[in-house]
Structures are given as C-alpha cells and as structure tokens.
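Heads up, the final residue of the sequence shown is numbered 340 in our numbering, and it's a clean run with no missing numbers.
C-beta: ideal position from N, C-alpha, C; glycine also.
Predicted model, so just to flag it, every value in this text is computed and none were measured.
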Amino acid sequence: MGTGGLFALSMISPGIALAQAGVDIGFAVPDTTNPFLGWLTSEVKKQAEADGLRLEIADAANSPVRQMEQIENFIAMGVKVIDIMPVDPNNVQDIIARAQAQGVKILVQGTDTGVYDVMMNIDQYNCGEQIAEMAIDWMVKTFSADGTEAGLPEGANAPKVVIIPATDTVDAKNRSDGMRDKLEAWGKANIVVSPTEARSTASGTSVMETLLLQNPDTDVVLTYNADTAMGVNEYIMGQGQVDKARFGLFSGDWSPPVQETIDASAANNAVFRGTIQIVGPVLNGEPVDLPIATFRVIKALTEGQTPYGNWIKDAIAKAGPQG
18 MGTGGLFALS MISPGIALAQ AGVDIGFAVP DTTNPFLGWL TSEVKKQAEA
68 DGLRLEIADA ANSPVRQMEQ IENFIAMGVK VIDIMPVDPN NVQDIIARAQ
118 AQGVKILVQG TDTGVYDVMM NIDQYNCGEQ IAEMAIDWMV KTFSADGTEA
168 GLPEGANAPK VVIIPATDTV DAKNRSDGMR DKLEAWGKAN IVVSPTEARS
218 TASGTSVMET LLLQNPDTDV VLTYNADTAM GVNEYIMGQG QVDKARFGLF
268 SGDWSPPVQE TIDASAANNA VFRGTIQIVG PVLNGEPVDL PIATFRVIKA
318 LTEGQTPYGN WIKDAIAKAG PQG
C-alpha cells in the first residue's frame with residue numbers, strides 16, 4: 018500500500034470509530050484555546066449531552082487544511098449536523114455542498130459562506146464601531162479636564178490609540194475597519210495602526226511589546242479579538258512604567274474568563290476594560306442567549322427543520338466591569 022492509502026486510512030479510521038459510538042453533531046471551530054470559542058463549544062456540548070445527543074468538537078488549530086480534513090471526517094462519520102465556524106470562509110463552499118449532498122445539515126456561525134442551511138452571525142463592522150465607542154467613552158472620562166469631549170487635550174497631546182487589527186478574512190477586516198473608521202470620524206485621538214496583526218494571546222503579548230517600545234505614550238489599545246487582548250493585558254500589567262489607571266484596552270468577543278479580567282479593571286488590577294458580547298438572537302420573538310440559541314438551531318437541524326429561518330442575526334452588547 019502506498020503512502021496515499023495510509024493517509025486515507027488515518028483520516029477515515031477515527032471517523033469510523035466515532036460513527037460506531039453514534040456521533041450526531043460535529044462542531045468545527047478554529048481554535049478552542051480562544052476563550053470565546055472554548056466557552057461556546059463547551060456550553061453547547063453540555064446541552065447536547067443533556068438532550069441525549071453526541072456532539073464532537075473539532076479544533077483546527079487555526080489551520081484551514083486541518084479544518085477541511087475534520088469536516089471530511091464528520092461527513093464520513095455520517096453525522097446529522099455540522100456546525101462550522103470557518104478558519105477561512107472562502108474555502109469551505111465545496112465541502113459544504115458535498116456534505117449537503119449526503120444529507121448533512123450545515124450551520125455556519127460567525128460569517129457568511131454563501132452556502133449553508135442556516136447562518137448565524139453578527140454585524141462585524143458595527144461590532145468594531147462599538148469597540149471604539151467604549152474606548153471613546155473611557156478616554157473622555159479619563160483624560161478630559163471637564164468631563165466632556167471639549168476638555169480633551171488636543172494635537173500632539175491628544176490620547177494615543179493603538180489598533181491591533183486582523184484582516185485575513187472579510188469578517189475580521191470589517192470589524193477592524195469599524196474600529197478605525199469610528200475613531201477617525203471622532204477625530205480626537207492620535208491613531209497608530211499596528212503593521213503586525215494578531216489573533217492569539219501569545220501574538221498579542223509579542224506585538225504589544227514591540228508597539229510599546231515604539232509608542233511609549235500609548236493610552237489606549239483596541240484589538241480585533243479578546244484572545245489578543247488577554248495577551249496585551251498580560252504584557253501591560255507587567256510593565257512598571259505604565260500607569261495602569263490611565264491605560265485602557267478594548268476588544269470584541271466574550272467569555273467568563275474575559276469578564277473576570279474586565280471586572281478586575283475596576284480596581285486597575287487589569288487594563289482590559291471592555292469587550293463586545295454576542296448576546297444571542299431573537300427566536301420566535303424571544304431573546305435567547307447564544308449557547309442556548311445555537312443548540313436550539315442545531316437540534317432543529319438534526320430533525321431536518323429550520324423553524325427560525327435560514328439567516329439568524331445575533332444581537333451584541335457592550336460588556337464592561339460588573340458589580
């Protein structure tokens with residue numbers, strides 16, 4: 018047998034073993050170490066198990082190739098539904114169509130792949146705008162001489178805002194553009210856009226180290242996602258020269274660990290001060306939390322139903338320190 022045959026067996030055999038165990042749902046995500054994705058997948062899996070459904074989570078480690086292989090395995094396993102949060106939303110159209118041709122229902126979350134049975138996503142550009150709005154409110158509160166925008170320092174003394182974007186997908190670019198456009202329209206901050214992008218805690222730490230060396234007068238940082246922000250927070254909290262009470266960090270995506278960090282910012286034990294939480298959609302006239310809504314949609318798809326329509330728009334909300 019050639020190496021190609023060995024590879025095929027290595028791909029299919031795990032799927033066969035899992036199929037015998039009766040897996041109903043595949044959940045394919047970019048990276049479960051991301052606090053938001055780790056939280057969402059675990060909460061949805063708990064609901065599935067409580068309902069007697071077997072759900073398997075596939076972590077692609079941010080590799081589009083690996084995610085394609087995982088989706089292929091789910092198809093081979095004969096699952097009823099695959100929930101896909103694509104690493105690259107531009108390369109999954111063919112495999113989604115193949116899955117559908119074999120009777121697998123597809124839920125796409127977080128983006129628009131153009132091919133799906135149900136899509137759940139948010140307005141990413143508006144998410145970016147709201148991240149910037151939180152930063153603006155904090156800057157006025159922190160740096161204004163009289164508590165109004167008119168009291169902010171101007172020119173070279175205006176607050177310096179560093180944006181750490183991500184533009185590798187349309188959705189990431191839209192969110193990053195929303196942050197930048199809102200700040201530019203506001204016109205009361207000096208903006209620096211990082212030439213190096215980041216999506217993870219580790220990259221957030223390393224990118225922030227370089228940025229702070231180049232911009233020691235940074236007052237505010239906006240990041241594409243909370244994973245990056247957690248890395249930035251970790252780095253800044255270790256810098257003795259930074260006045261933590263006058264440093265603000267804002268981002269998107271929510272999870273309980275992220276909220277705990279934001280809560281700590283109330284006493285300046287963290288500088289991560291706000292994020293955007295996906296609250297969840299309105300289903301049949303009722304606001305539903307994201308994990309619960311996700312499972313309701315998945316369960317309906319296992320029964321071949323789409324009672325909430327084919328496009329479900331998630332509501333978002335600003336999340337600051339609680340209590």
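C-alpha distance - residue i paired with residue j, whole-angstrom precision
i: LYS330; j: GLN258; result: 43 Å
i: ARG83; j: THR50; result: 16 Å
i: VAL210; j: LYS97; result: 44 Å
i: LEU266; j: CYS144; result: 15 Å
i: PRO308; j: THR184; result: 27 Å
i: ASP100; j: ILE315; result: 8 Å
i: GLU251; j: THR222; result: 7 Å
i: ASN174; j: ARG263; result: 14 Å
i: ASP297; j: GLY172; result: First, the amino acid is wrong: residue 297 is Gly here, not Asp. Cα to Cα, GLY297 sits roughly 41 Å from GLY172.
i: GLN110; j: VAL125; result: 11 Å
i: TRP271; j: GLN117; result: 31 Å
i: THR213; j: ALA281; result: 28 Å
i: PRO103; j: ALA152; result: 29 Å
i: ASP234; j: GLN141; result: 29 Å
i: ALA189; j: MET254; result: 27 Å
i: GLY340; j: SER193; result: 30 Å
Close beta carbons around residue i, own chain, < 8 Å, minus the five adjacent residues each side
i: GLN87; result: GLY43, ALA45, ALA75 and ALA77
i: ASN108; result: PRO81 and MET85
i: TRP364; result: What the structure shows of the chain is the stretch from 18 to 340, and residue 364 is not part of that stretch, so it cannot be assessed.
i: LEU54; result: VAL46, PRO47, ASP48 and MET102
Rounded Cβ spacing between residue i and residue j (contact assumed at less than 8 Å)
i: ILE139; j: ILE123; result: Between ILE123 and ILE139 the Cβ distance is about 19 Å, and since that is not below 8 Å, they are no contact.
i: ALA310; j: LEU318; result: About 13 Å separates the two Cβ atoms, so there is no contact after all.
i: ILE333; j: LEU239; result: So it is not a contact: roughly 16 Å between Cβ atoms.
i: ALA336; j: ILE279; result: 7 Å
i: GLU166; j: VAL179; result: Not quite, the Cβ-Cβ distance comes to about 20 Å (not below 8 Å), so this is no contact.
Own chain residues within Cβ distance below 7 Å of residue i, not counting five before or after
i: ALA284; result: none
i: GLY32; result: Because the pLDDT at GLY32 is just 38, under 50, the model does not fix this residue reliably, and the point stays unresolved.
i: TRP328; result: MET136
i: THR58; result: PHE44, VAL46, THR49 and ILE74
i: GLN119; result: ILE92
For residue i, three-class secondary structure by DSSP
i: MET28; result: The predicted position of MET28 is uncertain, since its pLDDT is 33 and thus under 50; a value taken from the coordinates is nonetheless stated next. Correct three-state label for MET28: helix.
i: GLU303; result: strand
i: PHE264; result: coil
i: MET156; result: helix
i: ASP100; result: strand
i: ALA67; result: helix
i: ASP244; result: helix
i: THR58; result: helix
i: ASP105; result: coil
i: ASP140; result: coil
Sequence-distant residues of its chain with Cβ nearer than 6 Å to residue i (five each side left out)
i: MET247; result: THR218
i: GLY195; result: TYR142, GLY145 and GLU146
Unbroken beta strand (DSSP E) run spanning residue i, endpoints
i: PHE44; result: 42-46
i: ALA219; result: Looking at the DSSP string, ALA219 is not in any beta strand (DSSP E); the run it does join, the alpha helix (DSSP H), is 218-231.
i: ARG197; result: Per DSSP, ARG197 belongs to no beta strand (DSSP E); it is in the alpha helix (DSSP H), 187-203.
i: VAL179; result: 177-181
i: ASP111; result: ASP111 -> not in any beta strand (DSSP E); alpha helix (DSSP H) instead, spanning 110-118.
i: THR292; result: 289-297
Unbroken alpha helix (DSSP H) run spanning residue i, endpoints
i: ILE92; result: 81-94
i: GLU277; result: 273-281
i: GLN126; result: Careful: GLN126 lies outside any alpha helix (DSSP H), inside the beta strand (DSSP E) at 122-126.
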